[in-house]
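Working notes, beginning with the structure itself.
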Amino acid sequence: MVSTIDAEVLTKAQRWSLVATVSTGLLLVALDNSILYTALPTLTRELGASSAQGLWIINAYPLVMVGLLLGAGTLGDRIGHRRMFLIGMSIFGVASIVAGFAPGPEVLIVGRILLAVGAAAMMPATLALIRIAFVDERERNVAIAVWGSVSVIGSALGPILGGVLLEYFWWGTVFLINVPVVALALVAGILVAPANETDASKRWDLLSSVQIMVALVGLVAAIEEVVKVNRSLVVMTVALIAFLAGSWAFARRQRRLQYPLLDFAIFRNPAFVSGLIAAGFAMFAIGGIQLVTAQRFQLVAGFTPFEAGLLVSALVLGTLPTVLLGGMILHKVGLQPLIGGGLAVGTVGVIAMIIGFHVNIGWLIFGLFVTGAGLGAAMAVASIAIIGNVPVERAGMASSLENVSYEFGNLTAVALLGSLIATVYTVTVQLPAEAPEQASQSLTGALEVAENDGSAGTNLVQAAFSAFDNAYVAVLVVVAGILGVGAGVTWRLLRRYGPGSASSSFSTH
Numbered sequence: 003m004v005s006t007i008d009a010e011v012l013t014k015a016q017r018w019s020l021v022a023t024v025s026t027g028l029l030l031v032a033l034d035n036s037i038l039y040t041a042l043p044t045l046t047r048e049l050g051a052s053s054a055q056g057l058w059i060i061n062a063y064p065l066v067m068v069g070l071l072l073g074a075g076t077l078g079d080r081i082g083h084r085r086m087f088l089i090g091m092s093i094f095g096v097a098s099i100v101a102g103f104a105p106g107p108e109v110l111i112v113g114r115i116l117l118a119v120g121a122a123a124m125m126p127a128t129l130a131l132i133r134i135a136f137v138d139e140r141e142r143n144v145a146i147a148v149w150g151s152v153s154v155i156g157s158a159l160g161p162i163l164g165g166v167l168l169e170y171f172w173w174g175t176v177f178l179i180n181v182p183v184v185a186l187a188l189v190a191g192i193l194v195a196p197a198n199e200t201d202a203s204k205r206w207d208l209l210s211s212v213q214i215m216v217a218l219v220g221l222v223a224a225i226e227e228v229v230k231v232n233r234s235l236v237v238m239t240v241a242l243i244a245f246l247a248g249s250w251a252f253a254r255r256q257r258r259l260q261y262p263l264l265d266f267a268i269f270r271n272p273a274f275v276s277g278l279i280a281a282g283f284a285m286f287a288i289g290g291i292q293l294v295t296a297q298r299f300q301l302v303a304g305f306t307p308f309e310a311g312l313l314v315s316a317l318v319l320g321t322l323p324t325v326l327l328g329g330m331i332l333h334k335v336g337l338q339p340l341i342g343g344g345l346a347v348g349t350v351g352v353i354a355m356i357i358g359f360h361v362n363i364g365w366l367i368f369g370l371f372v373t374g375a376g377l378g379a380a381m382a383v384a385s386i387a388i389i390g391n392v393p394v395e396r397a398g399m400a401s402s403l404e405n406v407s408y409e410f411g412n413l414t415a416v417a418l419l420g421s422l423i424a425t426v427y428t429v430t431v432q433l434p435a436e437a438p439e440q441a442s443q444s445l446t447g448a449l450e451v452a453e454n455d456g457s458a459g460t461n462l463v464q465a466a467f468s469a470f471d472n473a474y475v476a477v478l479v480v481v482a483g484i485l486g487v488g489a490g491v492t493w494r495l496l497r498r499y500g501p502g503s504a505s506s507s508f509s510t511h
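For what it's worth, my numbering labels the leading residue of the sequence shown as 3, then goes sequentially.
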């Protein structure tokens with residue numbers, strides 16, 4: 003039987019060893035969210051996966067994880083976050099082996115679902131354990147800032163690491179690389195993770211998890227459908243019904259449960275709500291920019307996956323200083339300038355990207371850096387605002403909600419912006435009259451046609467590149483607009499959390 007560790011007797015070295023351990027788990031989760039951006043074409047070709055199976059290989063992971071996160075956090079309050087971390091990490095390791103050696107797309111999808119189960123168990127525990135182990139508020143703020151920076155780093159490293167592994171090894175290594183890291187994290191977790199007070203009377207409610215998953219799947223499907231050129235009214239209606247019915251059923255059930263997965267009373271705190279908004283909007287921007295920028299420079303500019311990954315890493319370089327600095331200066335400046343101001347700086351950075359795109363790549367990189375700087379500050383303080391505005395016994399619930407916000411921001415970015423860039427391309431492309439319909443559906447379709455038609459190839463490619471560039475700029479405009487709205491809303495919500503405000507000490511009431 004594994005011995006337990008009392009949080010009150012942890013030394014400073016043990017506390018920061020804990021941060022390193024749980025951050026390792028978070029890093030793996032973030033990597034697996036983005037590593038397939040570069041690996042998907044290779045593994046679908048090797049496994050003979052259809053386009054629908056390829057979409058499920060990508061989407062099964064975040065959809066299942068988001069659906070299970072709330073339940074996992076409450077389950078951690080019941081049986082212990084330390085135990086949930088170790089269980090989740092173990093499942094993640096086994097799932098990585100299943101995915102890495104998958105003989106076909108069906109098994110790989112099952113592996114991705116198992117990875118999501120492990121990630122959902124692990125993620126709320128990572129932040130909850132920090133909340134338990136760090137009693138001093140200022141030290142806890144810095145620890146959470148470090149934790150938050152790891153998620154950004156993992157999301158950005160995914161495409162780069164995927165490109166490197168595919169250049170030298172087979173596709174299965176993008177999953178098997180998790181296994182030795184899992185083994186080390188398990189040993190470290192046993193040694194340094196503290197136990198929390200558990201409440202055996204709490205129940206894990208599977209039905210609530212199913213209800214919220216139905217709602218989220220319906221919402222994502224509706225978002226994808228609404229931005230298509232050839233929309234299906236039937237699909238859109240069914241998706242919206244699923245979203246509304248799942249949301250209504252979930253909310254109704256939570257109000258009747260003695261120990262709900264989600265206590266709606268915690269949304270009365272404006273700092274908590276602002277933290278959720280900042281987390282979701284920041285990940286929406288990061289995921290969307292990463293997706294469309296890597297795609298544009300690979301398809302149009304001829305970058306390799308590795309080169310495209312290095313390009314978007316400029317965003318991470320911007321986040322690193324501010325995501326650490328935010329936690330250190332919060333007690334001096336308050337929440338408002340860091341969350342609302344950070345999202346505002348991120349908006350300016352995306353606008354700089356749009357301008358830089360029409361000037362030269364150096365200015366584009368500068369825009370990426372500024373965007374990262376703003377979002378890094380907002381994300382670091384968002385984590386602190388969320389976890390610091392709930393009592394310890396609600397740490398699992400709060401951590402789950404933050405992770406849901408992060409994952410849902412990334413998921414909607416892929417759904418909305420991935421579909422939007424294809425739609426704008428189709429609407430604006432001006433192809434030669436003799437070009438087949440395939441060339442108007444996507445840039446890859448146009449490139450395939452041009453490769454097989456030497457006479458019309460040059461003009462067709464130029465037209466396709468021009469349309470895709472228009473689509474790229476349109477997506478950046480949408481990202482800037484959404485970040486601007488987030489900046490305005492959070493600035494207003496946090497008007498009493500500015501510099502020198504005593505409210506920035508995170509009352510839980």
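The beta carbon of each residue, even a glycine, is placed where N, CA and C say it ideally should be.
In the structure shown, His360 adopts coil according to DSSP, grouped into three states. Per DSSP, the continuous alpha helix (DSSP H) segment holding Pro182 begins and ends at Asn180 to Val194. Boundaries of the alpha helix (DSSP H) around Ser92: His83 to Gly102. About 4 Å separates the beta carbon of Gly311 from that of Pro161, a gap short enough to meet the 8 Å contact definition.
Closest in alpha carbon position to Asp265, among Leu337, Ala22, Arg17 and Leu72, is Leu72. Per DSSP, Gly336 lies in no alpha helix (DSSP H) and is assigned neither H nor E. Contact check for Met124 against Gly27 passes: the beta carbons are separated by less than 7 Å. For Phe171, the number of other beta carbons within 10 angstroms of its own is below 16, and it is reported as exposed. In the three-state reduction of the DSSP assignment, Ile37 falls in the coil class.
A straight line joining the alpha-carbon of Ala145 with that of Thr430 spans about 48 Å. Residue nearest to Ile291 within the set Gly336, Ala253 and Leu377 is Leu377 (criterion: CA-CA distance).
For Ala267, no alpha helix (DSSP H) segment is defined, and its DSSP state is neither H nor E.
In the three-state scheme derived from DSSP, where H, G and I count as helix and E and B as strand, Gly490 is classed as helix.
A residue is called buried once 16 or more other Cβ atoms fall within 10 Å of its Cβ, and Phe269, having fewer, is exposed. Our two residues, Leu278 and Ala469, have alpha carbons roughly 35 Å apart in a direct line.
Contact check for Leu337 against Ala273 passes: the beta carbons are separated by less than 7 Å.
Under the three-state reduction of DSSP, Ser315 is assigned to helix. Membership of Phe274 in the alpha helix (DSSP H) is indicated by the continuous run Pro272 to Leu301. Restricting attention to Leu326, Gly348, Val100 and Thr128, the CA atom closest to the CA of Met285 is found in Gly348.
Straight through space, the alpha carbons of Ser157 and Ser36 are spaced by roughly 6 Å. Assigned with DSSP and collapsed to three states, Gln464 falls in helix. Contact between Gly282 and Ser407 holds, since their C-beta atoms are separated by about 4 Å, short of 8 Å. Fewer than three Cβ pairs drawn from the segment 481-491 and the segment 312-324 lie within less than 8 Å of each other, which leaves the two stretches out of contact. Looking at the backbone, the Cα of Val100 and that of Tyr63 are separated by about 14 Å. The alpha-carbon of Gly102 is positioned some 17 Å away from that of Ala121.
With respect to the 7 Å criterion, Leu366 and Phe359 are classified as neighbours on the basis of their beta carbons. Here the alpha carbons of Phe467 and Thr128 stand approximately 44 Å from one another.
The Cβ atoms of Phe410 and Val152 do not sit closer than 7 Å to each other. Distance from the CA of Leu29 to the CA of Ser92, rounded to the nearest whole angstrom, comes to 15 Å.
The alpha-carbon of Ala253 is positioned some 22 Å away from that of Ile389. In the three-state reduction of the DSSP assignment, Ser234 falls in the coil class, being assigned neither a helical nor a strand state. Listed in chain order, the non-local C-beta contacts of Ile423 below 6 Å within the same chain comprise Val294, Ala473 and Val477, local neighbours out to five positions each way being set aside. DSSP, reduced to helix, strand and coil, places Trp172 outside both helices and strands of the structure shown, so it counts as coil.
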